[in-house]
Amino acid sequence: MSKAINQNGKNASEDPVMEETWAKLLNVEQEMEEVNEKLFKEQGKLTTKYENTKGPVYKKRQELLGQIPNFWTITFKNHPMLQGLLESEDVEVFNHLTDITIDRSTDDCTVYKVILSFSENPYFSNDSLIKEFSHDESGKVIIKNHPILWKDGQDLTQSDGEKKDSFFTWFSEEDPEIGDLIANDLYPNAVKYFQGFDNDEDDEEFDDFGDELDESEDPPAKKQKV
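Take the sequence shown: its letters are residues 1 to 226, numbered as in the UniProt record's numbering.
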């Protein structure tokens with residue numbers, strides 16, 4: 001912290017009273033930082049507790065979402081920030097996307113895996129594409145990439161040895177932001193993004209979708225953007 005300046009524009013070190021006051025102020029600031037650090041840790045514990053509570057609820061939701069054709073593909077396409085990551089060839093791969101899962105550590109919910117599951121497809125032999133996120137003691141994000149096993153001639157991230165624009169390059173990059181969007185926005189708000197409206201819109205529109213499910217065997221997303 002910079003040195004204090006009194007009302008006369010002098011350094012606190014040149015004014016004994018101000019110097020003493022400034023030293024006390026710094027001690028108070030240190031106390032505040034210690035309280036904030038405790039708060040941060042307690043918030044993390046509380047968030048982890050409730051994420052663990054959500055686990056069985058997410059499993060119930062997963063069973064129902066599996067009955068809705070192309071649910072996760074439509075949801076991803078409707079997300080205002082994630083949709084722009086999909087190239088035309090990526091969309092073809094996403095036609096085989098069957099599920100998105102966030103597998104969180106029960107001890108620390110900020111440690112998690114993003115898992116995209118696919119049906120058999122002509123592009124890669126993986127059943128699931130996985131990217132892991134954790135952190136060290138200082139809070140620095142640590143990323144573990146699981147390789148995509150591309151089939152011959154189907155690698156969408158490379159062309160003649162050159163890198164191509166593709167969402168799937170993310171599985172070889174050190175980029176935590178997309179993972180954060182998927183894990184902490186897309187995944188918990190999946191049903192709303194499937195419908196194609198923002199989280200702050202009226203819940204009446206959200207409730208209306210129940211009626212549409214009864215009227216159509218393969219319900220389209222409301223307000224689908226793509």
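We put the beta carbon where it would ideally sit given N, CA and C, even for glycine.
Asked, Found
"Could you compute how far the alpha carbon of Lys192 sits from the alpha carbon of Lys24?", "51 Å"
"Return the first residue and the last residue of the beta strand (DSSP E) that Val114 is part of.", "112 to 118"
"What does the alpha-carbon distance come out to for the pair Asn95 and Gly44?", "36 Å"
"Please say whether Ile182 and Trp170 have beta carbons closer to each other than 7 Å?", "no"
"Between which two residues does the alpha helix (DSSP H) containing Thr194 stretch?", "Looking at the sequence shown, residue 194 is not Thr but Phe. Here the alpha helix (DSSP H) through Phe194 covers 190 to 195."
"Reducing DSSP to helix, strand and coil, say where Asp160 ends up.", "coil"
"Counting beta carbon pairs with one atom in the segment 85 to 99 and one in the segment 64 to 76, are three or more of them shorter than 8 Å?", "yes"
"Where does Thr98 sit, in a helix, a strand or coil, going by DSSP?", "strand"
"Looking at Glu174 and Ile142, is the spacing between their C-beta atoms short of 7 Å?", "no"
"Please confirm whether Val111 and Ser134 have their CB atoms less than 7 Å apart.", "yes"
"Since Phe71 and Phe194 are thought to touch, with beta carbons under 8 Å apart, how far apart are those beta carbons, to the nearest angstrom?", "6 Å"
"Buried or exposed: where does Ser166 fall if 16 or more other Cβ atoms within 10 Å of its Cβ makes it buried?", "buried"
"If I measure Cβ to Cβ from Leu116 and keep anything under 7 Å in the same chain, skipping five residues before and after, which residues do I get?", "Leu97, Ile100, Ser128, Leu129"
"Can you check which of these residues, Thr106, Lys113, Asp107, Leu149, is closest to Glu120 by C-alpha distance?", "Leu149"
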